[in-house]
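To start, the structure under review is shown below, and the notes come after it.
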Amino acid sequence: MSDTEGSAPRRANLADENDERENLEEQNADADRAIRNFAMLTDSDEAYAHMILQDVNWSVEAALEVHFSRQKIEEPMQEVAEVEISLVTWNIDGLDLSSLRTRMKAVYCVLKRINPDFIFLQEVTEREIEILEKLGSMYNIYYSNRSSLYFTAILVSKMFDVVSHEVHMFDNSGMGRSLQTLEGRVGPHKIFLLNTHLESMGEHSDKRKEQLAFSLNKMATIIRNNPDASVFFGGDLNARDAEVPALPQGVGDVWLAAGAPKKEQYTWDTQLNDNKSSGRFAARCRFDRVFWYGPLRNVTFCLEGKQRIRTTMCFPSDHWALHCTFK
Numbered sequence: 005m006s007d008t009e010g011s012a013p014r015r016a017n018l019a020d021e022n023d024e025r026e027n028l029e030e031q032n033a034d035a036d037r038a039i040r041n042f043a044m045l046t047d048s049d050e051a052y053a054h055m056i057l058q059d060v061n062w063s064v065e066a067a068l069e070v071h072f073s074r075q076k077i078e079e080p081m082q083e084v085a086e087v088e089i090s091l092v093t094w095n096i097d098g099l100d101l102s103s104l105r106t107r108m109k110a111v112y113c114v115l116k117r118i119n120p121d122f123i124f125l126q127e128v129t130e131r132e133i134e135i136l137e138k139l140g141s142m143y144n145i146y147y148s149n150r151s152s153l154y155f156t157a158i159l160v161s162k163m164f165d166v167v168s169h170e171v172h173m174f175d176n177s178g179m180g181r182s183l184q185t186l187e188g189r190v191g192p193h194k195i196f197l198l199n200t201h202l203e204s205m206g207e208h209s210d211k212r213k214e215q216l217a218f219s220l221n222k223m224a225t226i227i228r229n230n231p232d233a234s235v236f237f238g239g240d241l242n243a244r245d246a247e248v249p250a251l252p253q254g255v256g257d258v259w260l261a262a263g264a265p266k267k268e269q270y271t272w273d274t275q276l277n278d279n280k281s282s283g284r285f286a287a288r289c290r291f292d293r294v295f296w297y298g299p300l301r302n303v304t305f306c307l308e309g310k311q312r313i314r315t316t317m318c319f320p321s322d323h324w325a326l327h328c329t330f331k
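Residue numbers (our numbering): 5 to 331.
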C-alpha cells in the first residue's frame, strides 16, 4: 500500500479526534454557562448548581423546577407518631486533603438537598469547616471535641428542642474516638440521638467491640428509662458483621428493616468508590449503620453521595451517606 493510501485513514482518525475534542469542549462550556445562570437565578453557589444540573442533563429550566419544588415552608413538627423523621449519617473523610474544599462543598450540597431532620457526621475537621457551618442557617450544630484532629457532629433541625448534649470519650481508644449523645423533644415526645465513630482497622477489633457494647448498653439504658422515647444510634462503626452483638430488645437495624437491599448494602465500597486506591483487592463493607427504637416502625433506606464531582472526578467522600426515614 502506498503512503498516500495509508495516510487517508490517519487523517480521518485525526479529524474524528478533533471533532470529539471540540464536542467535549463545547459541552463543558455549555455546562459552565448553565451553572453560572442557575447560581445567579437562585442566589446559590456553583457547587449546589452543579449537583442539581448534572441530574437533569444540564437543563437550567428543569433544574429550576427541581430547586423550587424542594423549597420547604418550615412548620412546627406534629405528634411524633404522625410525622416522618429523616436522618443522615456520613463519614465525610475530612482527613483526606485531596480536593478537600471541593468535596466539602459537595457534602454541603448533598445535605442541603436531602434536608433531613437530623445529621450525624464523622471525620469532621477544622479545615474547610466553614463550608459545613453554612448549614447553621438550617440546623443547630453540636460537635464532640473540636480540639481533636478530627471529631463528630450532630446537626438537628431548628424546630427540635435540645435538652442536653454529652460526649463520652472511650477510655480504650487510641484514636480519640467517642460517643456523642443528644437529648431533645418534638412536642411532648423525647428523642435521643447517639452518634459515634468506632475504632478503625481490623487489628483493633477488640477495642471496637468494647466500644460498640458500651454504646448499645447506653442505648438500652436510655430505652429502659424512657420506654416511650424514640432513640437513634448510628455512625461509622467500622464493624464487621461478626463483631455486632445481639441488639437490645425492640432495637432494629435500619438496613435490615428496609428489606436488606443488596444495592444499598456496602457503605464503604472500593469497587464503586475509587477515592481510596485499593489495588487489585476491592473491599466492600457495611461499616456505617443505624439502629433505632421507638413508635416509628415504617422504614426506608438509601445511600447518597454516589455522584462524582465533575471538576475533580472524585466522590464527596470515600464513604456513602446513609439516608433513613421513619414514619
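Just so it is clear, CB atoms sit at the ideal spot from N, CA and C, and this is done for glycine as well.
- prompt: Expressed to the nearest angstrom, what Euclidean distance is found between the alpha-carbon atoms of L276 and E268?
  reply: 12 Å
query: In whole angstroms, what separates the C-alpha of N176 from that of T316?
result: 38 Å
- request: Could you name the residues of the same chain whose beta carbon sits closer than 7 Å to that of A262, not counting the 5 residues immediately before and after it, in chain order?
  value: V303, T304 and F305
message: Runs of 4 residues minimum, wholly inside the region 241–329: which ones carry the alpha helix (DSSP H) assignment?
response: 258–261
field: Pick from T329, V60, W296 and T274 that is closest to P231, judged by C-alpha positions
entry: W296
field: Span separating the alpha-carbon of R105 from that of S141
entry: 20 Å
message: Suppose contacts are defined by Cβ-Cβ distances below 9 Å. Is N95 in contact with H323 by that definition?
response: yes
- request: Please list, in chain order, all residues of the same chain as R212 whose beta carbon is under 7 Å from its beta carbon, the five residues on each side excluded.
  value: L202, E203, N242, A243 and E247
message: Contact defined as beta carbons within less than 8 Å: I believe P252 pairs with I227. What is the distance between those atoms, to the nearest angstrom?
response: 6 Å
Beta-carbon contacts of A286 that lie in its chain and below 7 Å, excluding the five residues immediately before and after: T274 and Q275
query: Do you know whose CA, among E170, H172, G254 and V111, lies nearest I123's CA?
result: V111
message: For a quick check, are the C-beta atoms of Q215 and R181 less than 9 Å apart?
response: yes
- prompt: How is the beta strand (DSSP E) around L202 delimited, first residue to last?
  reply: Per DSSP, L202 belongs to no beta strand (DSSP E) and is neither H nor E.
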